[in-house]
Amino acid sequence: MDMKTYYANLRAAAQEKAARNAARARENEIFRANDNRLADIERELAFAEIDGDAKKIAALEGEKRTKTAQNDELLKAMGLTAKDLSPAYECEKCGDTGFIGTKPCSCYRRALEKSAADDIGIGAKNLPVLEECDAADKGILSEYKKMRLFIEKFPSVKTKNVNFIGGTGTGKTLLAGDAAARIAARGFGVLFLSSFELNNVFLAYHDLFSDSRAVAMNALIHADFLVIDDLGAEQNFKNVTSPYLLNLLSERNMRGRSTLITANLTADEFLARYGERVFSRIFDKRLCATIHFGGADKRLQK
Numbered sequence: 027m028d029m030k031t032y033y034a035n036l037r038a039a040a041q042e043k044a045a046r047n048a049a050r051a052r053e054n055e056i057f058r059a060n061d062n063r064l065a066d067i068e069r070e071l072a073f074a075e076i077d078g079d080a081k082k083i084a085a086l087e088g089e090k091r092t093k094t095a096q097n098d099e100l101l102k103a104m105g106l107t108a109k110d111l112s113p114a115y116e117c118e119k120c121g122d123t124g125f126i127g128t129k130p131c132s133c134y135r136r137a138l139e140k141s142a143a144d145d146i147g148i149g150a151k152n153l154p155v156l157e158e159c160d161a162a163d164k165g166i167l168s169e170y171k172k173m174r175l176f177i178e179k180f181p182s183v184k185t186k187n188v189n190f191i192g193g194t195g196t197g198k199t200l201l202a203g204d205a206a207a208r209i210a211a212r213g214f215g216v217l218f219l220s221s222f223e224l225n226n227v228f229l230a231y232h233d234l235f236s237d238s239r240a241v242a243m244n245a246l247i248h249a250d251f252l253v254i255d256d257l258g259a260e261q262n263f264k265n266v267t268s269p270y271l272l273n274l275l276s277e278r279n280m281r282g283r284s285t286l287i288t289a290n291l292t293a294d295e296f297l298a299r300y301g302e303r304v305f306s307r308i309f310d311k312r313l314c315a316t317i318h319f320g321g322a323d324k325r326l327q328k
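Position 89 (the sequence shown) corresponds to 115 in this note's numbering; numbering is contiguous.
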């Protein structure tokens, strides 16, 4: 994705919407007359302030308030507000330019990383939100409530990382998807990928380094909330899986980013598969909370 074109399109869309709203509002004769008069008032106020004519300034300010209030009521009847007549840019900090002065805005990095993630197939997924009644039906209400507290406090959570450990079909992926969807809905950068997808990113980066793959790795490192689903189900490639997983987890922990891992491995199996260093990153009690899922396979229950 060409970033210059991306931001130009964002700005154009916001400006076109505002222009359509303004044109619609000005179809009303009273609104149009008031709008024209308000423009004249601004010019007259500027001259009155230069002249120091306090009486005229007061009169103009009073007329301005009256005309503005009239137009606000007319807009309300149209289902609009005064804000709808100005471009509503997605990023208030940079006005959808991607830059603040000469420095890239934080939204620029997120957009660049999202583009790279999409290019290698780990972009946004359509994750369903789980309601409390659904969690109760699936026997994971206790786990659901714990995660709702985490989600509500995110990102100001004391324990940044969460592990869902339990057998197949016990609701781990479902609840992880719910957390990802709810956090993404609040505007945070979220990535949800299976251990197979994660391994493919590691392999691609290891076998053929490129700028786009480097950006994709950065997307994994910098995502506000990263879900790695079913860790341990992927093939363990020598000199790739464990080393890159260690680097990813270490970098994220160092930056204070939150990671949620689902797995059905025991502690001994984690240790045997990934080694002491990865094990310590996943189960560091200073940074991680582990929620255990039990019971029968929920997918077999009606």
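Beta carbons are placed, not taken as given, at the ideal position from N, Cα and C, and that holds for glycine. No experiment lies behind these values; they were computed from the predicted model shown.
Whose C-alpha, out of F251, S112 and T94, is nearest the C-alpha of V183?
The option with the nearest alpha carbon to V183 is F251.
If you count every other CB in all the chains shown that lies within 10 Å of the CB of I56, and 16 or more means buried, which is it?
When all chains shown are included, I56 counts as exposed.
Would you report the Cα separation of G127 and A162, rounded to the nearest angstrom?
So the alpha carbons of these two residues sit roughly 51 Å apart.
Just curious, the alpha helix (DSSP H) that V304 is in, first and last residue?
From DSSP, the alpha helix (DSSP H) with V304 extends over E302 to I308.
By Cβ distance below 7 Å, which residues in the same chain neighbour K82 in space, the five residues on each side in sequence not counted?
So the qualifying residues of the chain are A74.
If you reduce the DSSP assignment to three classes, tell me which class F176 lands in.
If DSSP states are grouped into helix, strand and coil, F176 belongs with the helices.
Answer with buried or exposed for V155, where buried requires no fewer than 16 other C-beta atoms within 10 angstroms of its C-beta.
The residue is exposed, with fewer than 16 neighbouring Cβ atoms inside 10 Å.
Are the segment 263-279 and the segment 297-315 in contact at 8 Å, needing three or more beta carbon pairs?
Short answer: they touch.
Is the separation between the beta-carbon of A108 and that of D98 shorter than 8 Å?
It is a contact, given that the beta carbons lie within the stated cut-off.
Could you check which residue in L101, R135 and I247 has the C-alpha nearest to that of C117?
The shortest C-alpha separation from C117 is found at R135.
Measure from the alpha carbon of D294 to the alpha carbon of each residue in Q96, V227 and V304, then state which is nearest.
Selected option, being the one with the closest Cα: V304.
Thinking just about the alpha-carbon of each residue, which of S306, T292 and R50 is nearest to the one in S268?
Of S306, T292 and R50, the residue nearest in Cα terms is S306.
Select from F176, T31, K186 and A315 the residue whose C-alpha is nearest the C-alpha of D122.
The option with the nearest alpha carbon to D122 is T31.
Within 10 angstroms of its Cβ, does E169 collect 16 or more other Cβ (buried), or is it exposed?
Result: buried.
Going residue by residue through the segment 218-298, where are the continuous alpha helix (DSSP H) segments of at least 4 residues, counting only ones entirely within it?
Complete alpha helix (DSSP H) runs here, min 4: 221-233, 237-248 and 267-281.
Give me the Cα-Cα distance between P181 and L167, rounded to the nearest whole angstrom.
Going from the Cα of P181 to the Cα of L167 covers about 22 Å.
What did DSSP end up calling K328 once you bin it into helix, strand or coil?
Bear in mind that a pLDDT of 36 at K328, under 50, signals an unreliable position, so the model cannot answer this.
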